[in-house]
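A.B. asks:
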Amino acid sequence: LEHHHITSPSCITMAALEGSPSPDSKRTKVDVESFIEDVNVKYEKVHKDFEDQFWGGKMALSEPSGAWSNEKLGSTKELMEAFLADPERLKLAETLLKDPDLTVEQKTVLSIFVRTFKCYQMPEGPATAIRSSITALEDALSTARNTMDLGYTCPTTKAFVEKSSVGLRTTMKTSDDEATRKAAYKGLYSIGGFVLDNGFVEIVKQRNALARALGYVDFYDYKVTQAEGFNKAKLFTILDTLLEGSQELVEGARAQLVAEKGESAAEPWNTGYMMAGSVEEALDPYFPFEKALENWGRSFSKLGIDYQGATMTLDLLDRKGKYSNGFCHWPQPAWVKGDGTFQPST
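The sequence shown runs contiguously to residue 346 in our numbering.
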């Protein structure tokens, strides 16, 4: 969907709506193209509105003032999902997909439309109300988490050192002082209690209630089925084979680390530091951070990967309020417009 996009049925003929063959096959093709273009243009807007809010909010951007908020993130997400969940749009896509005169490309795009729209279908009733409630709870938790006083108490000075979760992990991995590493671990650990006190349990309950209202075992089953096309039971079967093939190796590596570094190496604030050892220090001169972006670009270029005019924005600077998990989003989806021009991603 990100690549083909979506839209509304304003240009569909009654013949197409009723599923009967059009008297003019050329006219039918034009109607299909109009539908595809309409979906793409309209979806592009709701997608970009949401993604711009996601980027501005998660990156804790300060300008333009008032442009980003969790409330706007929630409302633009609801508008985007409402577009994708429109049952009439799904019905039209399914009807047009039955046209025997479709080109291969048209059939591919319409099939993607149908697959995507089906993922967002939600019957009116309890499920719809639960989804709106979840969005509000998620917004509230996100706002609280962004203002959380996160960091650790310095073992030496007893002063509070403000750090993001990224900074705390870095301290755990790089500080030569075990007391400091332990303090950083406690700071990171405090996130768990904080989110539990600010609505996370209720979010889990309502997510599971939503999934069950839609006929799934729980929310995880719902997400796995929608994303992968099979349920969580099959996924766990796959993961069990990975566990069986790796558990002995992991336990052996852990035992070896303890044997070489001592029992304290198994403590969560020590394991990463002990495993890093001197190898990373030795490698640093050959892989300096300031060359990371250039080397990354060169590597992809040598692999023959062409970004076709796409614009990439990287924000690698840690700061207060910034979302601390790495992610990749594209506010402007890439797609081929009805007139044949290519819209690169940004």
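Glycine included, every Cβ here is placed at the ideal spot set by N, Cα and C. Model, not experiment: these values are computed from the prediction.
Please report the straight-line C-alpha distance between R207 and G199, rounded to a whole angstrom.
C.D. replies: Approximately 12 Å, taken between the alpha carbons.
A.B. asks: Rounded C-beta distance between K42 and F83? I'm assuming under 8 Å.
C.D. replies: Between F83 and K42 the Cβ distance is about 7 Å, and since that is below 8 Å, they are a contact.
A.B. asks: Note down, in chain order, each residue of its chain lying with its Cβ closer than 7 Å to the Cβ of K72, except the 5 sequence neighbours on either side.
C.D. replies: Q53.
A.B. asks: Would you identify the three-state DSSP class for F230, choosing helix, strand or coil?
C.D. replies: Here F230 sits in coil by DSSP.
A.B. asks: Are at least three pairs of beta-carbons, each pair with one atom in the stretch 110–128 and one in the stretch 296–305, less than 8 Å apart?
C.D. replies: Segments in contact, no.
A.B. asks: Give the secondary structure of Y189 by DSSP, where H, G and I count as helix, E and B as strand, and everything else as coil.
C.D. replies: Helix, per DSSP.
A.B. asks: Quick check on DSSP: helix, strand or coil for F327?
C.D. replies: Residue state, collapsed to three classes: coil.
A.B. asks: Residues in its own chain within less than 6 Å of L214 by CB, not counting five upstream and five downstream?
C.D. replies: So the list reads A127, once near-sequence residues are dropped.
A.B. asks: Within 10 angstroms of its Cβ, does V32 collect 16 or more other Cβ (buried), or is it exposed?
C.D. replies: Its Cβ being crowded by 16 or more others within 10 Å, V32 is buried.
A.B. asks: Do S264 and E178 come within 9 Å of each other at the CB atom, strictly closer than that value?
C.D. replies: For E178 and S264, yes; Cβs fall inside 9 Å.
A.B. asks: For E162, which beta-bridge partners are listed by DSSP?
C.D. replies: In DSSP, E162 forms a bridge with G151.
A.B. asks: Relative to the C-alpha of S330, which residue among R319, D38, K45 is closest?
C.D. replies: Correcting the residue identity first, residue 330 is Trp in this sequence and not Ser. Comparing Cα positions, the closest option is K45.
A.B. asks: Please classify L68: does DSSP put it in a helix, a strand, or coil?
C.D. replies: The amino acid occupying residue 68 in the given sequence is Trp; Leu does not appear at that position. Note: W68 maps to coil in three-state DSSP.
A.B. asks: Which of the three DSSP states is assigned to Q343 in this structure?
C.D. replies: Strand at Q343.
A.B. asks: Is the Cβ-Cβ distance between P344 and G304 less than 9 Å?
C.D. replies: No, the Cβ-Cβ distance between P344 and G304 is not below 9 Å.
A.B. asks: Candidates T180, E138, P64: which alpha carbon is nearest T157's?
C.D. replies: With distances taken between Cα atoms, T157 lies closest to T180.
A.B. asks: May I ask you to list the residues that DSSP assigns as paired with V336?
C.D. replies: According to DSSP, V336 bridges with F342.
A.B. asks: Taking only the alpha-carbon atoms, compute the straight-line gap between I134 and F160 and give it to the nearest angstrom.
C.D. replies: Going from the Cα of I134 to the Cα of F160 covers about 34 Å.
A.B. asks: Can you tell me which of the three DSSP states W269 falls into?
C.D. replies: Here W269 sits in coil by DSSP.
A.B. asks: Measuring alpha carbon to alpha carbon, tell me which residue in E51, L110, A253 is nearest S34.
C.D. replies: Minimum Cα distance to S34 is reached at L110.
A.B. asks: Please state if the CB of F194 and the CB of A144 are separated by a distance shorter than 9 Å.
C.D. replies: The answer is yes: Cβ separation under 9 Å.
A.B. asks: Can you check whether the CB of Y152 is closer than 9 Å to the CB of A184?
C.D. replies: The answer is yes: Cβ separation under 9 Å.
A.B. asks: Mapping the DSSP letters down to three states, classify E81 as helix, strand or coil.
C.D. replies: It is helical.
A.B. asks: Which runs of the alpha helix (DSSP H) at least 4 residues long sit entirely within the stretch 197–231? Give them in chain order.
C.D. replies: 200–213, 219–228, all fully within the stretch 197–231.
A.B. asks: Would you decide whether N70 is buried or exposed? Buried here means 16 or more other CB atoms lie within 10 Å of its CB.
C.D. replies: Buried: at least 16 other Cβ atoms inside 10 Å.
A.B. asks: Indicate the three-state DSSP secondary structure (helix, strand or coil) for E260 in the structure shown.
C.D. replies: Helix at E260.
A.B. asks: Assign G340 to buried or exposed, taking buried as 16 or more other Cβ atoms, counted over all protein chains shown, within 10 Å of its Cβ.
C.D. replies: Its Cβ having fewer than 16 others within 10 Å, G340 is exposed.
A.B. asks: What number of angstroms, rounded off, separates the C-alpha of E78 from the C-alpha of A67?
C.D. replies: So the two alpha carbons sit approximately 18 Å from each other.
A.B. asks: According to the neighbour-count rule (16 or more other Cβ atoms, all chains shown, within 10 Å of its Cβ), is E51 buried or exposed?
C.D. replies: E51 comes out buried.
A.B. asks: In whole angstroms, what is the alpha-carbon distance linking M59 and F327?
C.D. replies: Roughly 11 Å separates the two Cα atoms.
A.B. asks: Here's a check: name, in chain order, each residue in its chain whose Cβ is nearer than 6 Å to the Cβ of D139, leaving out the five neighbours to either side.
C.D. replies: Closer than 6 Å at the Cβ level, and outside the excluded window around D139, lie N70, G74.
A.B. asks: Could you give the first and the last residue of the continuous alpha helix (DSSP H) run that contains G297?
C.D. replies: First-last of the alpha helix (DSSP H) with G297: 292–302.
A.B. asks: Which ranges does the alpha helix (DSSP H) cover as unbroken runs of at least 4 residues, wholly within the stretch 92–122, from first to last along the chain?
C.D. replies: Taking only runs of at least 4 residues, the alpha helix (DSSP H) segments lying wholly in the stretch 92–122 are 104–119.
A.B. asks: Going by CA-CA distance only, name the one from F236, K223, T241, I36 that's closest to R89.
C.D. replies: For the residues F236, K223, T241, I36, the minimum Cα distance to R89 belongs to I36.
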